[in-house]
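Asker: Once you've had a glance at the structure underneath, I'll fire off some questions.
Residue numbers (the numbering used here): 2 to 431.
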């Protein structure tokens, strides 16, 4: 397959109410993916309203003006489709993949909950979904070993008031304190056509999608003034490492080493993406070779590194390892930091670079091989970079990264003096 990034047609139309409609026709199979990105995530949440974007990920399935509670899911699945939604700091997205003949159903459902959620939102529904989110927090973050790592890393990386300081799960106190009117106002502010991108990929035509979008979304009025998220692009370095040690019920010491790097989509972050793959992807990575296979201080299946693809501030690079029996947290942390530090001083070999680029190429085309993966990518690039066609730039940018660039970026952003280290220690093995 070619490395051009996106060898399918892309068409973008903007409706009068501001909704951007992106279409990529692919007649390979009789299916279509519908993907709706709203430019609202946890970075947009005002003080006292943390967790709102994530709660609406749940509320948007609880009924709208013409769709009863849970009916959205029943209709899509009954038509042979699949669906879901996700929230992150930068956006909230809702998506369905359905047989091509049910495209109209999917678009009608999405339009109804964009324009008709607030009239159907009741106190009972709100209270029920607040409880669902509380339970999710317990199951995913609080009652799982190491589960709250992300909640702890963000405040170490970003100062109070920064839009990435808090996680999407938000504060339970904020969710409990807000009344129904506050939640209704949040939806009316951000869930507007001029704050969204609708991408449709698959067995359809531009004319069909635009006509259906106009039919179902065209009558939803735009929001005149949508508040901008706080500017988080500059995070002044403190010059002092941030550290936290948590002694709790975990089976073994685990260490996370994190750094702020560059925003997703920037040339610097393209280098970080390749760097992270060299550092921590699979058995051929530096972390595995050194800590799991060489010094044998880390568990083989619990060592790695990854970037978090956030687009509106210096995005995190996180390296992590979990200790083998008998290895202390201090020893593990020193070994992890040593491997990270060497990225600036020990040149990446041609074999390491080729391996990393091969892994990234495979991952990229794995996403692009599905209509839903392509639809999500088009929504992302339209929302974050104002042009879905720039999706074609990402893979070539990774493939152009050099070993010299990796060393330069490592020296720039992976310094020990601006590092966040989170260490978990078992209660009985301090």
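A virtual CB, placed ideally from N, CA and C, is assigned to each residue, including glycine.
Between the C-alpha atoms of residue 3 and residue 25, what's the straight-line distance to the nearest angstrom?
Answerer: Looking up residue 3 in the chain shown gives position 2. Looking up residue 25 in the chain shown gives position 24. Below a pLDDT of 50, predicted positions are generally treated as unreliable, and residue 3, at 41, falls in that range; the measurement from the model is reported next regardless. Their backbone Cα atoms lie some 18 Å apart in a straight line.
Asker: What runs of the alpha helix (DSSP H), each 4 residues or longer, lie entirely inside the segment 8 to 96?
Answerer: 53 to 60 and 72 to 79
Asker: Quick one: what's got a C-beta closer than 6 Å to residue 114's C-beta in the same chain, skipping five residues either side?
Answerer: Here residue 114 is taken as the residue at index 113 of the chain shown, counted from 1. 61 and 65, listed in sequence order.
Asker: For residue 261, which beta-bridge partners are listed by DSSP?
Answerer: Residue 261 sits at position 260 when you count from the first residue of the chain shown. Beta-bridge pairing links residue 261 to 317.
Asker: Near residue 431, which residues of its chain fall below 7 Å by C-beta distance, leaving aside the five closest residues on each side in sequence?
Answerer: Residue numbering aside, residue 431 sits at position 430 when the chain shown is read from its first letter. Confidence in residue 431 is poor, its pLDDT being 45 and thus under 50, which makes the residue's placement unreliable; the coordinate value appears in the next sentence. Contacts found: 248.
Asker: Nearest to residue 415 by alpha carbon, out of 400, 258, 426 and 402?
Answerer: Walking along the chain shown from the start, residue 415 turns up at place 414. Of the listed residues, the one whose Cα sits closest to residue 415 is 258.
Asker: When the distance is taken between beta carbons, is residue 34 closer than 9 Å to residue 203?
Answerer: Counting from one through the chain shown, the residue named residue 203 turns up at place 202. Counting from one through the chain shown, the residue named residue 34 turns up at place 33. Yes, the Cβ-Cβ distance between residue 203 and residue 34 is below 9 Å.
Asker: At which residues does the alpha helix (DSSP H) containing residue 384 begin and terminate?
Answerer: On the chain shown, residue 384 is found 383 positions in, with the first residue counted as 1. Annotation: the continuous alpha helix (DSSP H) that includes residue 384 extends over 372 to 386.
Asker: DSSP three-state label for residue 340, please.
Answerer: One-based indexing of the chain shown puts residue 340 at position 339. Secondary structure at residue 340: helix, using DSSP grouped into helix, strand and coil.
Asker: Since residue 178 is in the alpha helix (DSSP H), which residue starts that stretch and which ends it?
Answerer: Numbered from its first residue, the chain shown carries residue 178 at position 177. Unbroken alpha helix (DSSP H) run through residue 178: 173 to 178.
Asker: Helix, strand or coil: which one does DSSP assign to residue 332?
Answerer: Here residue 332 refers to the residue found at position 331 when the chain shown is read from its first residue. Residue state, collapsed to three classes: helix.
Asker: Which runs of the alpha helix (DSSP H) at least 4 residues long sit entirely within the segment 135 to 219? Give them in chain order.
Answerer: With a minimum length of 4 residues, the continuous alpha helix (DSSP H) runs that stay inside the segment 135 to 219 are 150 to 158, 173 to 178, 181 to 191 and 207 to 218.
Asker: Determine, using beta carbons only, whether residue 92 and residue 381 come nearer to each other than 9 Å.
Answerer: For the purposes of this step, residue 92 is identified with residue 91 of the chain shown, where counting begins at 1. For the purposes of this step, residue 381 is identified with residue 380 of the chain shown, where counting begins at 1. The answer is yes: Cβ separation under 9 Å.
Asker: Tell me residue 256's beta-bridge partners as DSSP assigns them.
Answerer: Taking the chain shown and counting its residues from 1, one reaches residue 256 at position 255. According to DSSP, which records beta bridges pairwise, residue 256 is partnered with 322 and 424.
Asker: Just how far apart, CA to CA, sit residue 242 and residue 413?
Answerer: In the chain shown, residue 242 corresponds to position 241, counting from 1. In the chain shown, residue 413 corresponds to position 412, counting from 1. Taking the straight line from one Cα to the other gives about 15 Å.
Asker: Based on the DSSP output, what are the partners of residue 304 in its beta bridges?
Answerer: As a first step, residue 304 must be located in the chain shown, where it is residue number 303. In DSSP, residue 304 forms a bridge with 322.
Asker: Can you confirm whether the segment 170 to 183 touches the segment 337 to 348 when touching is taken to mean that 3 or more C-beta pairs between the two stretches lie within less than 8 Å?
Answerer: Too few Cβ pairs lie closer than 8 Å, so no.
Asker: Would DSSP call residue 299 helix, strand or coil?
Answerer: Numbered from its first residue, the chain shown carries residue 299 at position 298. Here residue 299 carries a strand assignment [DSSP, helix/strand/coil].
Asker: How long is the line joining the alpha carbons of residue 318 and residue 274, rounded to whole angstroms?
Answerer: For this step, residue 318 is matched to residue 317 along the chain shown. For this step, residue 274 is matched to residue 273 along the chain shown. Going from the Cα of residue 318 to the Cα of residue 274 covers about 9 Å.
Asker: By DSSP, does residue 438 sit in helix, in strand, or in coil?
Answerer: For residue 438 there is no data in the structure shown, the boundaries of the chain being 2 and 431.
Asker: Among 371, 357 and 427, which has the Cα closest to the Cα of residue 280?
Answerer: Taking the chain shown and counting its residues from 1, one reaches residue 280 at position 279. Ranking 371, 357 and 427 by Cα distance to residue 280 puts 357 first.
Asker: For the alpha helix (DSSP H) containing residue 274, name the first residue and the last one.
Answerer: Reading the chain shown from its first residue, position 273 is the one you call residue 274. Unbroken alpha helix (DSSP H) run through residue 274: 268 to 281.
Asker: For residue 12, I'd like the list of residues in its chain whose CB is within less than 6 Å of its CB, leaving aside the five on either flank, ordered along the chain.
Answerer: Here residue 12 refers to the residue found at position 11 of the chain shown. Contacts found: 24 and 207.
Asker: For residue 349, which three-state DSSP category applies?
Answerer: Translated into positions along the chain shown, residue 349 becomes position 348. Residue 349 falls in the coil class under three-state DSSP.
Asker: Could you spell out the range, first to last residue, of the alpha helix (DSSP H) harbouring residue 405?
Answerer: For the purposes of this step, residue 405 is taken as the residue at position 404 of the chain shown. From DSSP, the alpha helix (DSSP H) with residue 405 extends over 404 to 414.
Asker: So, under 8 Å CB-CB, residue 55 and residue 88 are touching, yes? Tell me the CB distance rounded to an integer number of Å.
Answerer: Within the chain shown, residue 55 is the residue found at index 54, counting from 1. Within the chain shown, residue 88 is the residue found at index 87, counting from 1. Right, their Cβ atoms sit about 4 Å apart.
Asker: Pick from 164, 362 and 407: whose alpha carbon is nearest that of residue 7?
Answerer: Reading the chain shown from its first residue, position 6 is the one you call residue 7. With distances taken between Cα atoms, residue 7 lies closest to 362.
Asker: Going by beta carbon distance, what residues of the same chain come within less than 6 Å of residue 187, once the five residues before and after it are set aside?
Answerer: Reading the chain shown from its first residue, position 186 is the one you call residue 187. Hits under 6 Å: 53.
Asker: For residue 111 versus residue 218, is the C-beta distance shorter than 9 Å?
Answerer: Locating residue 111 in the chain shown gives position 110, where the first residue counts as 1. Locating residue 218 in the chain shown gives position 217, where the first residue counts as 1. Their beta carbons are under 9 Å apart, which means residue 111 touches residue 218 by this criterion.
Asker: Locate the beta strand (DSSP E) running through residue 241, then write down its first and last residues.
Answerer: Stepping through the chain shown from its first residue, residue 241 is reached at position 240. That residue, residue 241, is in no beta strand (DSSP E); it is neither H nor E in DSSP.
Asker: Using DSSP's beta-bridge definition, name the partner residues of residue 247.
Answerer: Here residue 247 refers to the residue found at position 246 of the chain shown. According to DSSP, residue 247 bridges with 425.
Asker: Considering just the uninterrupted stretch of the alpha helix (DSSP H) at residue 113, what are its terminal residues?
Answerer: Taking the first residue of the chain shown as position 1, residue 113 is located at position 112. Under the DSSP assignment, residue 113 falls in the alpha helix (DSSP H) whose first and last residues are 104 to 121.
Asker: Going by C-alpha to C-alpha distance, which of 288, 254 and 296 sits closest to residue 307?
Answerer: Taking the chain shown and counting its residues from 1, the one referred to as residue 307 is at position 306. The shortest C-alpha separation from residue 307 is found at 288.
Asker: Contact check, residue 38 vs residue 197 under 8 Å by CB: the rounded distance?
Answerer: Locating residue 38 in the chain shown gives position 37, where the first residue counts as 1. Locating residue 197 in the chain shown gives position 196, where the first residue counts as 1. Sure, about 7 Å apart at Cβ, within 8 Å.
Asker: Sorted by chain position, which residues of the same chain lie with C-beta nearer than 8 Å to residue 153's C-beta, five sequence neighbours on each side aside?
Answerer: By 1-based counting over the chain shown, the position of residue 153 is 152. Closer than 8 Å at the Cβ level, and outside the excluded window around residue 153, lie 245, 247 and 423.
Asker: To the nearest angstrom, report how far apart residue 40 and residue 346 are at their CA atoms.
Answerer: For the purposes of this step, residue 40 is identified with residue 39 of the chain shown, where counting begins at 1. For the purposes of this step, residue 346 is identified with residue 345 of the chain shown, where counting begins at 1. Cα to Cα, residue 40 sits roughly 40 Å from residue 346.
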